[in-house]
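Quick notes on the structure that follows.
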Amino acid sequence: MKIFYNKTELSDHIDALKANDNTIGFVPTMGALHNGHLSLVNKGLSENDIIVVSIFVNPTQFDNQDDLVKYPRTLEADVALLKTVSDKTIIVYAPTVEDIYGDNIKSQSFTFDGLEHEMEGAFRDGHFDGVGTIVKRLLEIVKPDNAYFGEKDFQQLQIIKKLAELNHIPVKIIGCKIHRAEDGLAMSSRNTRLTPEHRTIAPFIYKTLKTAKTKFGTKSAKYVTEWVEKQFKKQPLLELEYFIIADIATLKPAKRKSTKKSYRAFIAVYAGDIRLIDNIALN
Ligand code: PAF
C-alpha cells in the first residue's frame, strides 16, 4: 500500500494516475478507522478506480484542547485495516501538521449560507471554519472526482456540499448512511474512549431517536423535543447538550411542520467527557 506523508509527492502520484484515465475517490478521515470508515471506502471503491484515504487529526477544528490531545492516533492499525480491504487500489495520505499548515496553524473564515450557525456551529466555536479549511485544502491536493462523507456528521456533509458549490470545486460530494454497532450506537472513533458503563448506556441515544421519529409522525416538533429532554433527565449517565428537529435544507429548527420539507432530528450528548452526536431522518 502506498503511503504519502507529503502533499507534493501525493499530488504528483495522483496526476500520473489521472493521466492514465483513473478516476479518484476520496475519503477524508481523522484516523482511528472503524467499520463506518470502511463502508465509505468500499462505496468509494465501487465507484472509482482508486481511493485516497487521508488520515489527519486536524487541529483547527477542535474547540476543546483536551479532546484534540486525547483524540486516538493509530496510523499503523489504520493502515493494516485498509490493507484488508485493498492493498493496490487504496492510497493513504497521512500528512504532518506542517505539511498542511506550514507554520501558520489557523483556519480561514467561511460563511456557508448560515448553515454554520446552527447546532454544532453554535456549540463548537470555530469548528466549521476548521473543517472548511482542512477539507478545502485536501480537495485541492487530492483533486478527486468523488468525495465521501458519513451522514453521522450530517451538518458537516451539508456544509461541505456548500463549500464545494461556493468555491466552484469540481468534485461530487457523496453522503453515506450512518454505520451502527449491532446495538444501534453510531460508529465513531470517540466510542473507543467510552468507559464500559458509558458504552453500555450509549445505545439509549439511538433508541430515543427512533421513538422520537415515531412520535413526530403525529406530534409537533416542540412536543417531541420536550419528550426527548424528559427522557435524558431520567438518565444520569448521559447529559443531553441539544436535541433539535431541523429542516435539512436550512438546518434551522422546525417551527411548524410542512409536508413539503424534509426533517431530521439531531442530537449531541455527553457520556462522561466524551461527546457523541447522532441524527435520524424523520420523513
Ligand atoms: O469527519 C471527520 O472526520 C473530519 O471532520 C474531516 C472531514 C476528516 C475533516 O478533518
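The working numbering numbers the first residue of the sequence shown as 156 and each following residue consecutively.
For glycine and all other residues, C-beta sits at the position ideal for the given N, C-alpha and C.
Note that the structure is predicted; figures quoted are calculated from it, not measured.
Buried or exposed: residue i, going by 16 or more other Cβ atoms within 10 Å of its Cβ?
i           : result
residue 373 : exposed
residue 295 : exposed
residue 233 : buried
residue 271 : buried
residue 285 : buried
residue 250 : buried
residue 411 : exposed
residue 216 : buried
residue 351 : exposed
residue 263 : exposed
residue 343 : buried
residue 321 : exposed
residue 429 : buried
residue 346 : buried
residue 310 : buried
residue 380 : buried
Can you look up residue i in the DSSP assignment and give me helix, strand or coil?
i           : result
residue 377 : helix
residue 307 : helix
residue 258 : coil
residue 208 : strand
residue 341 : strand
residue 419 : strand
residue 190 : helix
residue 431 : strand
residue 425 : strand
residue 302 : strand
residue 436 : strand
residue 348 : helix
Hey, quick one: how far does the alpha helix (DSSP H) through residue i stretch, first residue to last?
i           : result
residue 231 : 230-240
residue 269 : Residue 269 -> no alpha helix (DSSP H), and no H or E assigned at all.
residue 166 : 162-174
residue 356 : 351-356
residue 412 : No alpha helix (DSSP H) contains residue 412, which DSSP labels as neither H nor E.
residue 367 : 359-371
Please name the residue, chosen from the options, that lies closest to residue i on a Cα-to-Cα basis.
i           : options               : result
residue 208 : 301, 387, 321 and 313 : 301
residue 397 : 359, 182 and 384      : 384
residue 287 : 314, 171, 176 and 269 : 314
residue 211 : 187, 435, 241 and 354 : 187
residue 413 : 433, 437, 421 and 425 : 437
residue 191 : 181, 173, 334 and 326 : 334
residue 254 : 382, 369 and 289      : 289
residue 204 : 172, 185 and 353      : 172
residue 401 : 275, 194, 305 and 166 : 275
residue 241 : 408, 193 and 279      : 193
residue 324 : 364, 291, 277 and 235 : 291
residue 399 : 246, 422 and 391      : 422
Can you tell me where the beta strand (DSSP E) with residue i in it begins and where it stops?
i           : result
residue 184 : 179-184
residue 396 : 393-402
residue 159 : 157-159
residue 330 : 327-331
residue 226 : Looking at the DSSP string, residue 226 is not in any beta strand (DSSP E), and its letter there is neither H nor E.
residue 296 : Run containing residue 296: none in the beta strand (DSSP E); it sits in the alpha helix (DSSP H), 282-297.
residue 245 : 245-248
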